[in-house]
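*Asks:* Dumping the structure here so I can ask a few things about it.
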Amino acid sequence: MKTLSKNILLISLLYLLPSLLREGSGVSLAQGVVFEPEGTTLEQASAKAKAENKLIFLDCFTQWCGPCKKMSREVFPQEKVGAAMNPKFVSLKIDMESAYGAPLAKKLQITAYPTFIIFNADAQEISRFLGYHAVDAFLEVIEEKSRDTGSSALEARWKAGDRDPQFLQQYLQTLTAAYKANEANDVAEAILEGKEETFAADSTLRSIFFRNITNPFAKSFIYTAKNPQALTAATGEMPVKMKIQNVLGNYQRQIINEADGTATLDQAQYDKFSQLLDELGVQNADHYRLQTMITLSEKQKNYAAYLDYIRQYLANPNLDADDMQLARWTRPFQGPNADPELKQQMKAILQQRLDDIRSGKRQAQNTVGNMRLSRPTDQLLEMIINAMDGKMPNAPAQNPQGAKPATTQAATILR
Numbered sequence: 134m135k136t137l138s139k140n141i142l143l144i145s146l147l148y149l150l151p152s153l154l155r156e157g158s159g160v161s162l163a164q165g166v167v168f169e170p171e172g173t174t175l176e177q178a179s180a181k182a183k184a185e186n187k188l189i190f191l192d193c194f195t196q197w198c199g200p201c202k203k204m205s206r207e208v209f210p211q212e213k214v215g216a217a218m219n220p221k222f223v224s225l226k227i228d229m230e231s232a233y234g235a236p237l238a239k240k241l242q243i244t245a246y247p248t249f250i251i252f253n254a255d256a257q258e259i260s261r262f263l264g265y266h267a268v269d270a271f272l273e274v275i276e277e278k279s280r281d282t283g284s285s286a287l288e289a290r291w292k293a294g295d296r297d298p299q300f301l302q303q304y305l306q307t308l309t310a311a312y313k314a315n316e317a318n319d320v321a322e323a324i325l326e327g328k329e330e331t332f333a334a335d336s337t338l339r340s341i342f343f344r345n346i347t348n349p350f351a352k353s354f355i356y357t358a359k360n361p362q363a364l365t366a367a368t369g370e371m372p373v374k375m376k377i378q379n380v381l382g383n384y385q386r387q388i389i390n391e392a393d394g395t396a397t398l399d400q401a402q403y404d405k406f407s408q409l410l411d412e413l414g415v416q417n418a419d420h421y422r423l424q425t426m427i428t429l430s431e432k433q434k435n436y437a438a439y440l441d442y443i444r445q446y447l448a449n450p451n452l453d454a455d456d457m458q459l460a461r462w463t464r465p466f467q468g469p470n471a472d473p474e475l476k477q478q479m480k481a482i483l484q485q486r487l488d489d490i491r492s493g494k495r496q497a498q499n500t501v502g503n504m505r506l507s508r509p510t511d512q513l514l515e516m517i518i519n520a521m522d523g524k525m526p527n528a529p530a531q532n533p534q535g536a537k538p539a540t541t542q543a544a545t546i547l548r
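In our numbering, the protein residues as written are 134 to 548.
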């Protein structure tokens, strides 16, 4: 009987041991990647990496990112991934929209998710890569990106003032491959220095301008915004127009600072940017000014101010918010926790747009950029209005081409 009892106890312990070890501190039978506890900072990971002579692997994620969740579900738990990474890396995950993560995302120039960054033990970046990778592909990329390709040496040469043309091209390629947009812009500016009026005639320099110039205060950008004729002649009007819009639009978002869960406006940069818009003679300058304030008030959850800025935008005779933009602006007023009075005010704005379309005063939107929508936006607006009233909308039947139903499109709009 004693032997039987011992066997039962032994079997029970064998079943319980994995879970007990998983819950312990620092000991794990988990076969996948061992990540540092939630809340671990990059500085703390660096201290541990120095002590253990390891590299640092940082998973930059957000709560809403589908590919991030897929990596956590399908790749990181795999035994072969853990076997490859745990001896070599101190691994940590940071939510880039958390109080700690938001300023770090800005510092690290994270613009897409998931972004994976490999650092040396001193928290100096070696390389980065983006997006979902299946297990074998992930392991190949990790192996490749873990090698220090000399990017730190190139950075040292740049900081020392080396401006040799061949070196600048090499360094720019390295920065571009690492998705380091700010540094790449600086190097691109150096390459285009003194060539602001002539670079449009050179295909290599044109490519550098379109790919790497992100600073609206760059001399090449200011000249092109004021004098687009040469570049337009070489590439066509649409690429030049889109480049100018993208640079201004992206910068407008960068002058909002987020730290400790609080969003604030960099007033000095905003004033400087506003003056630049006037200098460039941008026709829709108020779009960037008002969109900055709309974005800021949304991040601050000041939805009364948010709605007021939207009204200012819609009342501006020089601006026109398309249907898709109007639909996106309804995001804070979706769901049961939205302020009921503000929700009704936003719904009235949406209803006015729908009435204008249905009466023929305004045409429904059929395209977004160069992409054609599967159905006019009046159906989507009506569906959003019904949703704000708590009604379950009826999705139109799928068209013969297999386009997504309106409910799917609306969900995409409101994300």
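The beta-carbon is built from N, C-alpha and C at its ideal position, and this holds for glycine as well. Bear in mind that the values here come from a model prediction, so they are computed numbers and not experimental data.
(1) Please determine, among 396, 419 and 395, the residue with the shortest C-alpha to C-alpha distance to residue 406.
(2) Just list the beta strand (DSSP E) runs in the segment 243 to 316, keeping only unbroken ones of 3 residues or longer that don't cross its boundaries, in chain order.
(3) At 3 residues or longer, what runs of the beta strand (DSSP E) sit wholly inside the segment 450 to 490?
(4) Do three or more CB pairs link the segment 355 to 374 to the segment 210 to 227 at distances below 8 Å?
(5) Taking the alpha helix (DSSP H) that residue 365 belongs to, which residues open and close that run?
(6) Would you kindly report the start and end of the unbroken beta strand (DSSP E) that includes residue 413?
(7) Can you give the beta carbon distance from residue 511 to residue 497, rounded, assuming they're within the 8 Å contact cut?
(8) Counting Cβ pairs closer than 8 Å, one from the segment 291 to 302 and one from the segment 226 to 236, do we hit at least three?
(9) Closest to residue 457 by C-alpha separation, out of 500, 260, 251 and 204, would be which residue?
(10) As a quick exercise: from 241, 175, 492 and 390, pick the residue whose alpha carbon is nearest that of residue 224.
(11) Check the C-beta distance from residue 265 over to residue 194 and give it rounded, since I have them as a contact under 8 Å.
(12) By a C-beta neighbour count over all protein chains shown, 10 Å radius and 16 as the cutoff for buried, is residue 294 buried or exposed?
(13) Does DSSP classify residue 561 as helix, strand or coil?
(14) Would you say residue 166 and residue 199 are within 8 Å of each other, going by their C-beta atoms?
(15) Would you check if the segment 447 to 457 and the segment 469 to 481 touch, i.e. whether three or more CB-CB distances between them fall below 8 Å?
(16) Given a threshold of 16 other Cβ atoms within 10 Å of its Cβ, counted over all protein chains shown, does residue 104 qualify as buried or as exposed?
(17) Under 6 Å Cβ to Cβ from residue 329, same chain only, skipping five residues before and after it: list those, please.
(18) Taking 8 Å as the threshold (C-beta atoms), are residue 267 and residue 179 in contact?
(19) For residue 318, which residues in the same chain have their Cβ closer than 8 Å to its Cβ, ignoring the five residues on either side in sequence?
(20) Starting from the Cα of residue 205, find the closest Cα among 187, 217, 226 and 188 and give me that residue.
(21) Would you kindly work out how many angstroms separate the C-alpha atoms of residue 286 and residue 395, rounded to a whole number?
(22) Under a three-way DSSP split, which group does residue 390 fall into?
(23) From this set, 416, 391 and 423, which residue's C-alpha is nearest residue 404's C-alpha?
(24) Measuring alpha carbon to alpha carbon, tell me which of 480, 428, 380 and 322 ends up nearest residue 410.
(25) Can you look up residue 229 in the DSSP assignment and give me helix, strand or coil?
(26) Name the DSSP bridge partner or partners of residue 396?
*Replies:* To lay it out plainly:
(1) 419
(2) 248 to 252 and 258 to 263
(3) none
(4) no
(5) 362 to 368
(6) Not the beta strand (DSSP E): residue 413 falls in the alpha helix (DSSP H), residues 400 to 413.
(7) 4 Å
(8) no
(9) 500
(10) 175
(11) About 11 Å separates the two Cβ atoms, so there is no contact after all.
(12) exposed
(13) The requested residue 561 is not part of the displayed model; the chain covers only 134 to 548.
(14) no
(15) no
(16) Since the first residue shown for the chain is 134 and the last is 548, residue 104 is missing from the structure and cannot be characterised.
(17) 352, 353 and 356
(18) no
(19) 345, 346, 347, 348 and 351
(20) 226
(21) 37 Å
(22) strand
(23) 423
(24) 380
(25) coil
(26) 391
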